[in-house]
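Written below as structure tokens is the structure these notes are about.
In UniProt numbering, the protein residues as written are 1 to 763.
Here it is in structure tokens:
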């Protein structure tokens with residue numbers, strides 16, 4: 001009897017013999033009698049091939065097929081219904097996170113998960129420092145990626161439907177919830193894919209861009225699975241597809257969907273100069289199409305029109321988001337400038353009905369984030385948070401004399417931004433929280449990376465603003481702290497350290513779940529700024545043994561994180577080159593030494609110089625705009641050769657637990673449980689007592705109290721070596737390194753060497 005077609009062609013692994021072990025091969029019935037040789041090779045009970053008698057029943061064939069799949073090291077693809085639809089025998093739309101029937105009826109939509117047993121192997125990852133994360137497990141190698149490597153670099157998409165499906169699925173599982181890219185209707189896209197009408201329905205450039213983004217995720221997963229920290233390649237898998245899509249898009253000028261995806265791909269493959277140009281082009285296309293203004297049919301009751309307009313709005317917001325991140329805070333570098341689209345923000349699915357209230361980004365100052373946050377979905381909250389963060393980055397670039405009120409005044413923009421971000425965090429919907437119970441649901445819904453990104457963004461928005469209270473962070477507004485009270489300065493420093501420590505907590509939590517929590521490149525930028533803040537705080541504000549022990553653990557976590565995940569064209573040096581000198585100067589040499597000897601760091605590359613005003617030129621070394629200029633410099637010096645840029649935009653972080661600035665009567669909204677709290681509850685601007693307790697709220701309205709130490713650091717830490725440098729020495733060193741700390745200029749102080757990192761005349 002002939003086997004089913006889906007059993008005839010199965011990727012499988014050859015039995016482990018010599019170097020042939022785990023190499024993928026084809027399992028295809030060769031119709032040998034009485035048993036096929038491929039089944040014998042795999043050690044299976046062959047169901048037999050007999051055209052004439054056909055004695056095997058379908059159930060027997062199915063059992064044999066399951067055995068073949070299992071022996072081949074793969075799982076038979078099951079695209080099934082959710083549990084509710086399956087039990088009631090209704091047809092399921094199979095959309096995630098919620099199918100249409102469950103959404104309408106308000107049912108709990110749960111899809112059966114794949115078994116977790118084959119996803120990971122149980123070897124804990126060991127790092128140069130000798131420590132290990134007991135719960136951190138490395139993915140099994142994706143064996144067929146190496147076999148298909150040439151297909152990922154071909155100009156045309158692979159013809160195999162299975163490989164195309166893998167690429168598309170990787171995009172929706174890993175990029176869809178990042179950076180407001182959820183403007184593509186996943187259900188419609190997959191249905192079109194199954195009908196083989198994707199090019200007719202969405203256009204070839206969209207398919208090419210989707211597959212290029214998916215290929216990048218598959219490639220990085222493959223590198224991670226084999227433990228590789230090699231430098232990023234000159235050409236990423238899928239890059240020829242992105243180039244082909246870009247050529248088609250630029251000739252049409254009417255495909256903003258593909259253009260947004262190509263902007264995102266350019267940022268993710270270190271082509272920031274290209275992304276800077278593309279996003280400007282995209283802005284002009286949106287203006288020409290009039291997508292950023294209310295439509296005259298805005299109040300139409302046609303469901304099809306409402307759906308289409310919702311998709312167009314999300315597309316515009318994705319463009320707006322990329323533009324904000326590209327400009328980083330240089331308003332003159334942004335296509336949108338200080339203007340925001342006059343269209344509604346993305347709302348939760350339950351709020352997308354005709355006649356529901358529209359929420360606009362400009363309403364932050366009038367309506368307030370308290371009323372807006374519960375109604376917005378992940379993209380809407382991200383947009384609101386990034387808008388506040390950019391306002392903070394603009395604020396710290398202002399001169400103190402240009403402010404209408406002192407920064408410590410309750411009505412100042414400085415205080416208001418902190419209040420608004422804190423309110424967003426307190427009112428986050430339950431499904432966007434990162435407690436242990438919810439992480440499982442986020443992984444199941446493929447939104448874990450997007451929610452981690454949101455939490456990094458929230459903490460960064462506050463320590464971006466408050467880091468100016470620390471020595472060495474010489475933003476223009478930092479001089480305003482010369483005229484404020486000691487209590488207010490202490491409050492800002494504590495708040496800054498607190499949020500920086502929470503950002504490293506996110507790194508530590510994410511390392512337990514592989515690459516997915518760090519799918520957005522911003523997480524690395526946030527972690528770098530956070531650890532800079534923690535190091536400077538420990539050296540210049542509070543060098544107590546308790547804080548030093550916590551900071552030591554945070555330094556180790558961050559070094560491990562960069563060593564595992566973030567390699568540029570020069571390997572992990574792009575982040576290590578900033579962090580290692582700080583470790584050597586400010587008392588963490590022993591933690592950093594294993595990483596410097598493993599991969600020596602040099603400072604030969606010169607990022608774009610800071611020649612203009614702080615509002616435009618003075619951006620982080622990792623900001624896309626500065627990286628774009630660095631690319632142009634490299635390209636010109638190389639005679640016009642093509643050079644990619646760098647990574648995503650730089651994020652500033654800093655904070656320690658300060659007093660609450662929120663109204664005390666805002667404890668709950670409606671029937672919601674008590675919200676999360678970002679800081680301890682003690683009178684405003686009071687000096688923080690040592691060992692302050694930080695309230696954290698769980699799902700059962702029960703308050704769990706932990707000390708700052710247990711919140712931010714592993715349980716066991718080696719003894720911290722004592723430095724001969726005093727706090728005054730460290731403050732002077734931080735001030736002398738202000739350019740390096742603030743803008744991450746390429747040149748370290750002339751006195752710095754790894755053998756003798758201290759300036760002349762210091763102890």
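Backbone N, C-alpha and C fix where the C-beta goes; we use that ideal spot for every residue, glycine too.
Legend entry - CB-CB length for residue 241 against residue 208, believed under 8 Å: Along the chain shown, one-based indexing puts residue 241 at 241. Along the chain shown, one-based indexing puts residue 208 at 208. Rounded, the Cβ-Cβ distance is 4 Å, consistent with contact.
Legend entry - Rounded straight-line distance, which links the Cα of residue 81 to that of residue 88: Numbered from 1 along the chain shown, position 88 holds the residue referred to as residue 88. Numbered from 1 along the chain shown, position 81 holds the residue referred to as residue 81. About 11 Å.
Inset, instruction - Return the first residue and the last residue of the alpha helix (DSSP H) that residue 200 is part of. - result: Walking along the chain shown from the start, residue 200 turns up at place 200. Element bounds for residue 200: 198-202.
Inset, instruction - Give me the Cβ distance between residue 520 and residue 561, rounded to the nearest whole Å; I'm assuming they're in contact under 8 Å. - result: Residue 520 sits at position 520 when you count from the first residue of the chain shown. Residue 561 sits at position 561 when you count from the first residue of the chain shown. About 14 Å separates the two Cβ atoms, so there is no contact after all.
Legend entry - Cross-strand partners of residue 347 (DSSP beta bridge): One-based indexing of the chain shown puts residue 347 at position 347. Answer is 376.
Legend entry - Inter-stretch contact (C-beta, 8 Å, three-pair minimum) for the stretch 221-230 and the stretch 192-209: no
Inset, instruction - Provide the residue span of the alpha helix (DSSP H) that contains residue 276, from first to last. - result: For the purposes of this step, residue 276 is taken as residue 276 along the chain shown, with counting starting at 1. Looking at the DSSP string, the run of the alpha helix (DSSP H) that includes residue 276 is 272-289.
Legend entry - From 531, 395, 425 and 534, residue whose alpha carbon lies closest to that of residue 478: Against the chain shown, residue 478 aligns to sequence position 478. Among 531, 395, 425 and 534, the Cα nearest to that of residue 478 is on 395.
Inset, instruction - Put residue 194 into one of helix, strand or coil per three-state DSSP. - result: The residue you call residue 194 lines up with position 194 of the chain shown. Of the three classes helix, strand and coil, the one that applies to residue 194 here is helix, per DSSP.
Inset, instruction - Note down, in chain order, each residue of its chain lying with its Cβ closer than 6 Å to the Cβ of residue 180, except the 5 sequence neighbours on either side. - result: Reading the chain shown from its first residue, position 180 is the one you call residue 180. Once the five neighbours on either side are set aside, the close Cβ partners of residue 180 are 317, 318, 321 and 379.
Inset, instruction - Determine the burial state of residue 194: buried for a count of at least 16 other Cβ atoms within 10 Å of its Cβ, exposed for fewer. - result: On the chain shown, residue 194 is found 194 positions in, with the first residue counted as 1. Residue 194 is exposed by the Cβ-count criterion.
Legend entry - Boundaries (first-last residue) of the alpha helix (DSSP H) holding residue 266: As a first step, residue 266 is located in the chain shown; it is residue number 266 there, counting from the start. Per DSSP, residue 266 belongs to the alpha helix (DSSP H) from 256-268.
Legend entry - residue 220 to residue 564 span [Cα, whole Å]: Residue 220 sits at position 220 when you count from the first residue of the chain shown. Residue 564 sits at position 564 when you count from the first residue of the chain shown. Their Cα atoms are separated by approximately 11 Å.
Inset, instruction - Write down the C-beta distance between residue 451 and residue 442 rounded to the nearest angstrom, noting that I regard them as a contact closer than 8 Å. - result: Position 451 of the chain shown, counted from the first residue, corresponds to residue 451. Position 442 of the chain shown, counted from the first residue, corresponds to residue 442. Correct: roughly 5 Å between the Cβ atoms.
Inset, instruction - Give the straight-line distance between the Cα atoms of residue 159 and residue 152, rounded to the nearest whole angstrom. - result: Indexing the chain shown from 1 puts residue 159 at position 159. Indexing the chain shown from 1 puts residue 152 at position 152. C-alpha separation (whole angstroms): 12 Å.
Legend entry - Through-space distance from residue 526 to residue 243, alpha-carbon basis: Taking the first residue of the chain shown as 1, we reach residue 243 at position 243. Taking the first residue of the chain shown as 1, we reach residue 526 at position 526. Cα-Cα distance, rounded: 30 Å.
Legend entry - Alpha-carbon spacing of residue 440 relative to residue 523, whole angstroms: Position 440 of the chain shown, counted from the start, is the residue given in the question as residue 440. Position 523 of the chain shown, counted from the start, is the residue given in the question as residue 523. Spanning the two alpha carbons is a distance of roughly 20 Å.
Inset, instruction - Grab me the residues of residue 448's own chain with a C-beta within less than 8 Å of its C-beta, minus the 5 sequence neighbours each way, in chain order. - result: Along the chain shown, one-based indexing puts residue 448 at 448. The answer, listed in chain order, is 439, 442, 513, 516 and 517.
Inset, instruction - Would you mind reading off the limits of the alpha helix (DSSP H) that contains residue 102? - result: Position 102 of the chain shown, counting from 1, holds the residue named residue 102. Run containing residue 102: 100-105, per the alpha helix (DSSP H) assignment.
Inset, instruction - Please work out which residues of its chain come closer than 7 Å, Cβ to Cβ, to residue 502, disregarding the five sequence neighbours upstream and downstream, and give them in chain order. - result: Position 502 of the chain shown holds residue 502. Cβ within range, chain order: 459.
Legend entry - Nearest residue (CA-CA) to residue 393, options 734, 267, 476 and 737: Within the chain shown, the letter at position 393 stands for residue 393. Of the candidates 734, 267, 476 and 737, the one whose C-alpha sits nearest the C-alpha of residue 393 is 476.
Legend entry - Simplified DSSP assignment, three categories, for residue 228: Translated into positions along the chain shown, residue 228 becomes position 228. It is coil, neither helix nor strand.
Legend entry - Residue closest to residue 407, alpha-carbon to alpha-carbon, out of 420, 465, 282 and 370: Locating residue 407 in the chain shown gives position 407, counting from the first residue. That would be 465, whose Cα lies nearest to the Cα of residue 407.
Legend entry - Cα-Cα separation, residue 581 to residue 590: For the purposes of this step, residue 581 is taken as residue 581 along the chain shown, with counting starting at 1. For the purposes of this step, residue 590 is taken as residue 590 along the chain shown, with counting starting at 1. The alpha-carbon atoms of residue 581 and residue 590 are separated by roughly 12 Å.
Legend entry - Assigned secondary structure, residue 399 (DSSP; H/G/I helix, E/B strand, else coil): Position 399 of the chain shown, counted from the start, is the residue given in the question as residue 399. In the structure shown, residue 399 sits in coil (DSSP, three-state: anything other than H, G, I, E or B).
Inset, instruction - Note down, in chain order, each residue of its chain lying with its Cβ closer than 6 Å to the Cβ of residue 213, except the 5 sequence neighbours on either side. - result: Mapped onto the chain shown, residue 213 falls at position 213. Cβ neighbours of residue 213 beyond the five flanking positions: 171, 175 and 265.
Legend entry - Buried versus exposed, by CB contacts within 10 Å (16 or more), residue 303: Sequence index remark: in the chain shown, residue 303 carries index 303 (1-based). With fewer than 16 Cβ atoms within 10 Å of its Cβ, residue 303 is classed as exposed.
Legend entry - Residue interval of the alpha helix (DSSP H) (run including residue 442): In the chain shown, the residue the question calls residue 442 occupies position 442. Element bounds for residue 442: 436-444.
Legend entry - Extent of the continuous alpha helix (DSSP H) to which residue 424 belongs: Here residue 424 is taken as the residue at index 424 of the chain shown, counted from 1. 413-426 is the span of the alpha helix (DSSP H), which, as asked, contains residue 424.
Legend entry - Sequence-distant residues of the same chain with beta carbon closer than 7 Å to residue 543, five excluded per side: Stepping through the chain shown from its first residue, residue 543 is reached at position 543. Only 727 meet the Cβ criterion.
Inset, instruction - Indicate the three-state DSSP secondary structure (helix, strand or coil) for residue 562 in the structure shown. - result: For the purposes of this step, residue 562 is taken as residue 562 along the chain shown, with counting starting at 1. Reduced to three states, the DSSP call for residue 562 is helix.
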